[in-house]
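Residue numbers (this note's numbering): 914 to 1422.
Think of the CB as a built atom: it goes at the ideal place given N, C-alpha and C, for glycine as much as any other residue.
Bear in mind the structure is a predicted one, so any value in this text is a computation, not a measurement.
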Ligand SMILES: Cc1cc2nc3c(=O)[nH]c(=O)nc-3n(C[C@H](O)[C@H](O)[C@H](O)COP(=O)(O)OP(=O)(O)OC[C@H]3O[C@@H](n4cnc5c(N)ncnc54)[C@H](O)[C@@H]3O)c2cc1C
């Protein structure tokens, strides 16, 4: 065989590690291509720190071409795969497309925000699994506090300064913990009327915080959150989301302009579109991470249902810890399938969890040892620095700066509400003007766009009924959605709504 062609779809924890390991294992004997919509690997666990203004957004990214010199980077999203012809078709960032031929294919497209069929949520909530969403939240929260400080009406002030986070898994817990500290610091500088304090609420239908992690971690997080003033409301979720607030399942209506949706993720829709065997939306693979019956096809990470050999009968959870290690295993097995080395089964026991609660606090159980307070905080930061595949010095520098300087609470207004919809197959991409899916957005608000006004930049057209709406920015149409993709999304939405209504459970992240 001439130089084998290996294509990896997705450069997250699994895909990035697979590319890096294959690059080493094949020693230039294979052509490795990494297909990803962005030119960076995103270290998701530090995203709450981006939203809270501790880390600048680029800190949590690692350049793909800068760190994988022997891997060809193709910018784009896979939209169809011809298994018989062994080709992947993709769409690039400017709407152009291409085809990649492969001898071995690794699918590592990760996951996207999970929707539940609750009225108003798709329109009024925002997810939290990408850099644009974190940037949006950072700006939005900053803006709400600034606008609240400027209003004389207590009710309006209260609504702007009430932030509702749904899902008390590690993402929601960290967002609420950091959020309360962030807004308290802002209010210290610009007090609200009548001494009002920003109100953060953390909701979950489960009966405790961090329901999928060790109970002691949940207890620690719960104590820290409550002491800080976060309203922890377990056994409660959202019945309806509206423009003006959130109706809870216990009947209370909470006036608010912010609903952060952290109830979980679902596998990337690409997995479902391939018509291969699935397990709850994830591609079913064997313990060698190979798709049964397809010797040339492998999958890893959140998008793959990998048998958990440590817990027979179950599949490995959707965590970075597993995805990162599966990336290495899949690389070895792809190389072995090309005659380089031995294949191995995927086996990994959880090494514990770290949950960053902001300030110096965290909850952690490395190797089963339960830690809390500042010790856990130090272990958590040390863990993240060790786990990041790059940019460590910059991250550490931001932490030092944050410890000695007041945090910068300014909103740049670069990511708008409509450009980060909750229901999207591509959370990592900002929706651009002219995107067909976006055309319906202004209609939702019922407002006509204003023309070229400076204050538009400080308003949020979808979430903020009081604000002057911003005009649709002029400019070229970028990455128009392909008919096939729209069709696939529409089908997926139908399936997803059906599946979630049948399942009715949360996966907590
Ligand atoms: C805020 C947050 C905090 C988290 N914290 C932790 C934590 O502390 N510990 C932990 O263990 N886990 C954590 N997780 C979960 C963890 O990040 C995921 O389990 C992990 O990212 C999964 O890795 P992956 O490689 O499967 O997918 P991802 O890391 O999501 O990567 C998937 C990649 O595929 C790309 N992609 C998607 N579709 C396509 C396509 N069609 N074509 C090409 N490329 C595509 C995406 O752009 C992305 O780059 C967290 C998740 C979030 C959202």
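Classification of residue i by the beta-carbon crowding that lies within 10 angstroms, buried from 16 upward
i: residue 1104; result: exposed
i: residue 941; result: exposed
i: residue 1287; result: exposed
i: residue 1266; result: buried
i: residue 1225; result: exposed
i: residue 978; result: exposed
i: residue 1011; result: exposed
i: residue 1255; result: exposed
i: residue 1227; result: exposed
i: residue 1158; result: buried
i: residue 1274; result: buried
i: residue 1029; result: buried
i: residue 1316; result: exposed
i: residue 1310; result: exposed
i: residue 1102; result: exposed
i: residue 1207; result: exposed
i: residue 1264; result: exposed
Three-state secondary structure assigned by DSSP to residue i
i: residue 929; result: helix
i: residue 949; result: strand
i: residue 1330; result: helix
i: residue 1025; result: strand
i: residue 976; result: strand
i: residue 1010; result: strand
i: residue 1285; result: strand
i: residue 1396; result: The predicted position of residue 1396 is uncertain, since its pLDDT is 38 and thus under 50; a value taken from the coordinates is nonetheless stated next. Of the three classes helix, strand and coil, the one that applies to residue 1396 here is helix, per DSSP.
i: residue 995; result: strand
i: residue 1215; result: helix
i: residue 984; result: coil
i: residue 960; result: helix
i: residue 1154; result: strand
i: residue 1294; result: helix
i: residue 918; result: strand
i: residue 1203; result: strand
i: residue 1069; result: helix
i: residue 1105; result: coil
i: residue 1121; result: coil
Delimiting residues of the beta strand (DSSP E) encompassing residue i
i: residue 1003; result: 1000-1004
i: residue 1017; result: 1017-1020
i: residue 1276; result: 1275-1277
i: residue 1075; result: 1075-1079
i: residue 1173; result: 1171-1174
i: residue 1196; result: 1195-1197
i: residue 1168; result: 1166-1168
i: residue 1146; result: 1144-1147
i: residue 1112; result: 1112-1117
Sub-7 Å separation of residue i and residue j beta-carbons
i: residue 948; j: residue 987; result: yes
i: residue 1023; j: residue 1216; result: yes
i: residue 1147; j: residue 1120; result: yes
i: residue 1291; j: residue 1277; result: no
i: residue 972; j: residue 1320; result: no
i: residue 1239; j: residue 932; result: no
i: residue 1058; j: residue 1004; result: no
i: residue 1335; j: residue 1040; result: yes
i: residue 946; j: residue 985; result: yes
i: residue 1305; j: residue 1298; result: yes
i: residue 1324; j: residue 1063; result: no
i: residue 1038; j: residue 1169; result: no
i: residue 1270; j: residue 1137; result: yes
i: residue 1245; j: residue 1129; result: no
i: residue 1034; j: residue 1338; result: no
i: residue 1189; j: residue 1218; result: no
i: residue 950; j: residue 1341; result: yes
i: residue 917; j: residue 1251; result: yes
For residue i, the first and last residue of its enclosing alpha helix (DSSP H)
i: residue 1036; result: 1034-1037
i: residue 1095; result: 1083-1102
i: residue 1138; result: 1128-1141
i: residue 1059; result: 1044-1062
i: residue 1242; result: 1233-1250
i: residue 1313; result: 1305-1317
i: residue 1322; result: No alpha helix (DSSP H) holds residue 1322; DSSP gives it neither H nor E.
i: residue 1264; result: Element bounds for residue 1264: n/a, residue is neither H nor E.
i: residue 1182; result: 1182-1186
The region 958-978 contacting the region 1030-1049, beta-carbon criterion three pairs below 8 Å: Short answer: they touch.
Cβ pair count under 8 Å reaching 3, the region 1005-1019 against the region 920-927: Touching, yes, given that three or more Cβ pairs across the two stretches are closer than 8 Å.
Stretch-stretch touch, CB-based, cutoff 8 Å, three pairs: the region 1137-1153 with the region 1077-1094: Three or more Cβ pairs drawn from the region 1137-1153 and the region 1077-1094 lie within less than 8 Å of each other, which places the two stretches in contact.
Cβ pair count under 8 Å reaching 3, the region 1191-1209 against the region 1230-1248: Contact holds: three or more Cβ-Cβ distances are below 8 Å.
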